[in-house]
Structure formats: C-alpha cells, structure tokens
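Novice:
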Amino acid sequence: MTRIVSWHGSPKKPDYQPPEGAVDAHCHVFGPMAEFPFSPKAKYIPDDAGPEKLFALRDHLGFSRNVVVQASCHGTDNRATLNAIAKSNGKARGIAVVDPAISDEELDALHEGGIRGVRFNFLKRLVDDAPKDKFLDVAKRIERLGWHVVVYFEADILDEMRPFLEALPTIVVVDHLGRPDVSDGFEGAEVQAFRKFLAEHDNFWTKVSCAERLTKQGPPFDDFVTAISPIVEEFPDRVLWGTDWPHPNMQNAIPDDGALVDLIPRLAPTQDLQSKLLVDNPMRLYWPEESI
Ligand code: 0GY
C-alpha cells in the first residue's frame with residue numbers, strides 16, 4: 438500500500454486568534470511507523486505524522502492543547518497516541534480504541550497515560566466490524582474511570598444506531614455531527630434529525646468539525662457554516678471543535694488548517710460561544726481537574 442500524505446504542507450496563519458487555552462479536540466497522530474507500526478487491518482497507510490508535527494501545528498494555529506483520537510489505521514494498539522500524550526507536557530489527552538477483551542488493569546494503565554474515553558467507529562470503509570453488544574459492555578466498564586464514549590457513524594444509520602446510543606451510560610461525543618448532508622442548510626433532513634437527537638438526549642455532545650468532509654461547495658465552506666452554526670447556538674455547552682489533522686483519507690482534497698480555524702468565528706460568532714467551544718467544554722471533558 439502506498440503511504441498517503443493527507444495534510445497541508447504549509448497551512449496559513451489563521452486570521453482568527455483562538456482564546457487563551459484553546460483545545461483542538463479532534464486530531465490524530467500517525468506513527469512514526471518504525472516505532473509504532475500500523476494495524477494489519479488498516480484500511481489506509483499514511484505517511485508519518487507524529488507528535489512533533491502535531492505540536493508545531495498546534496502552536497502555529499494558536500491553540501494550547503490537543504485531544505488525540507486513536508485513528509483506525511492503528512487499530513487497538515494505542516501506543517502512538519500514548520506516545521504523543523507523553524511528549525506533550527500535559528498539553529494532550531486522548532481517546533483510545535480498545536479490544537473489548539481488555540482487562541481493567543489495562544484500562545487503568547490507559548487512564549494513567551492520559552486516555553479519557555473510548556471511540557467506537559461504525560464506518561465500514563474504516564473498520565471490519567463494530568460489535569454493538571461488546572461496545573456496550575466496554576462503555577459500562579469505563580464508566581468507573583469517569584471516561585466518555587466517542588462514536589463515529591454516518592447520518593444514514595442514525596435511526597439504526599438509536600437503541601445502542603440510548604443504552605450508553607456515559608457522556609457520548611458524536612464525531613463530526615454524525616456526518617449529515619449539509620447541502621440543504623439547517624432545515625436539511627439529516628441536520629434536523631441530528632439536532633432533534635441532541636435536543637432529546639442531554640448526555641450527547643458533538644464535534645462541529647470536518648467542514649472539509651461535509652461540504653459540497655468546498656472552501657470557504659458556506660454550506661457547512663449555514664447548516665451547522667445554529668447547532669452551536671442551541672447547544673453551546675455540548676459542542677467541541679477540532680482540526681481533524683492529519684485528515685485521514687483526504688489526500689484528494691487536503692484542507693488548509695488555518696482556513697479551518699477561520700471558520701470558528703463563523704460557527705460561534707460571540708466570544709462567549711467561542712470560549713465554551715474551544716476552552717470550557719473540552720476542559721470540562723478532558724481536564725476536569727483543571728476546569729473551573
Ligand atoms: C476522522 C475521519 C476519518 C478517519 C478516521 O480513525 C480514522 O481512521 O477517523 C475518516 O476517514 O472519515 O475523524 O479522522
């Protein structure tokens with residue numbers, strides 16, 4: 438498999454300056470492969486995108502912290518994610534992907550390493566299977582650690598997912614708004630279905646991220662902003678934002694991370710909304726001991 442480069446080589450300096458202490462709450466690291474090989478089941482093999490590159494981008498964009506989400510190419514071997522957290526001087530925490538057979542002692546070790554949740558990925562192009570019964574069992578077992586669950590699915594299976602989602606006992610963060618079609622604006626059927634789901638389930642949060650994947654129009658992502666900014670306004674205490682760097686599988690439409698940061702004031706137009714989105718909410722979830 439050819440190793441894929443999916444990230445921008447020289448992103449612009451954003452015009453928007455994030456508030457002090459801003460958290461990029463959805464990003465990944467890839468490898469380095471020589472130290473942390475990819476999973477034999479990986480559906481893509483990316484070029485190395487290790488912690489040094491991630492932290493340089495963080496500083497360039499004006500962010501202070503990262504939440505490193507275990508990417509599917511590393512399977513259930515969380516060492517690359519843990520390595521990034523360990524190198525961050527306390528400025529990164531993480532989300533793991535675990536084998537459902539994981540022991541309590543192994544979960545404790547992940548907590549010690551800075552992990553604060555588990556991710557369940559339902560995208561068929563990324564994972565071979567997603568056993569809901571086993572995931573539910575994991576979710577019940579991580580509750581004692583104060584962790585939350587991150588789920589990644591696409592809008593066409595929201596209804597099918599509902600019983601599983603409703604059975605999850607923790608806070609649940611839905612990646613990229615459950616990937617709705619944003620082309621019909623805020624009134625679009627998939628955006629409304631997800632909005633309604635959030636309104637009915639107050640333990641559910643979401644990441645208002647991935648304009649670059651959800652847009653049909655491309656930059657400057659007007660369709661994404663029109664459809665999604667009302668969600669930030671309606672659920673200001675349950676939204677997170679992330680770059681999604683190094684943008685797995687985006688090699689054909691690599692976004693400029695600086696331009697993505699410039700979307701933030703369009704999604705969250707007031708300073709109060711921006712502080713919640715970028716500081717208060719992620720701090721509450723990932724660094725609760727420092728959160729006021
Ligand atoms: C994302 C999106 C993608 C990939 C992964 O774990 C992953 O490989 O999450 C995707 O291809 O849509 O959030 O990074």
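First residue of the sequence shown: 438, per this note's numbering; consecutive thereafter. Using N, Cα and C, we set each Cβ at its ideal position, and we do this for glycine too.
1. Less than 8 Å between the CB atoms is what I'm expecting for residue 589 and residue 570, so what's the real figure, rounded?
2. Tell me residue 467's beta-bridge partners as DSSP assigns them.
3. Could you tell me which of 654, 637 and 608 sits nearest to residue 721, measuring between CA atoms?
4. Just checking residue 508 against the ligand 0GY - is the residue's beta carbon closer than 6 Å to any of the ligand's heavy atoms?
5. Within 10 angstroms of its Cβ, does residue 718 collect 16 or more other Cβ (buried), or is it exposed?
6. From residue 583 to residue 623, what distance separates their C-alpha atoms?
7. For residue 530, list the residues DSSP reports as bridge partners.
8. Can you tell me where the beta strand (DSSP E) with residue 695 in it begins and where it stops?
9. If contact is defined by three or more beta carbon pairs under 8 Å, each pair taking one atom from either stretch, is the stretch 493 to 513 in contact with the stretch 459 to 472?
10. With a cut-off of 8 Å on the beta carbons, I'd call residue 423 and residue 675 a contact; round off their distance for me.
11. Write down the C-beta distance between residue 448 and residue 511 rounded to the nearest angstrom, noting that I regard them as a contact closer than 8 Å.
12. Could you say if the stretch 681 to 690 and the stretch 475 to 495 meet the contact criterion of at least three C-beta pairs nearer than 8 Å?
13. Within 8 Å, do at least three Cβ pairs link the stretch 514 to 522 to the stretch 531 to 542?
14. Go ahead and pull the three-state DSSP assignment for residue 499.
15. Take residue 663 as the anchor and find which of 683, 671 and 703 has the nearest alpha-carbon.
16. Enumerate in chain order the residues of its own chain whose CB-to-CB distance from residue 620 is below 7 Å, with the five nearest sequence positions on each side excluded.
Specialist: Reading from the atomic positions:
1. So it is not a contact: roughly 18 Å between Cβ atoms.
2. Partner(s): 486.
3. Considering only alpha carbons, the answer is 608.
4. Checking every heavy atom of the ligand 0GY against the Cβ of residue 508, one is found closer than 6 Å.
5. Flag for residue 718 reads buried.
6. When rounded, the distance between both Cα atoms is 33 Å.
7. Note: residue 530 sits in a beta bridge opposite 504.
8. That residue, residue 695, is in no beta strand (DSSP E); its alpha helix (DSSP H) goes 694 to 698.
9. The stretch 459 to 472 vs the stretch 493 to 513: in contact.
10. Absent from the structure is residue 423, since the part of the chain shown begins at 438 and ends at 729.
11. Rounded to the nearest angstrom, the Cβ distance from residue 448 to residue 511 is 24 Å, too far for a contact under 8 Å.
12. Yes, they touch.
13. With a cut-off of 8 Å on Cβ pairs, the stretch 531 to 542 is in contact with the stretch 514 to 522, counting three or more such pairs.
14. For residue 499, the three-state secondary structure derived from DSSP is coil.
15. Among 683, 671 and 703, the Cα nearest to that of residue 663 belongs to 703.
16. So the list reads 653 and 660, once near-sequence residues are dropped.
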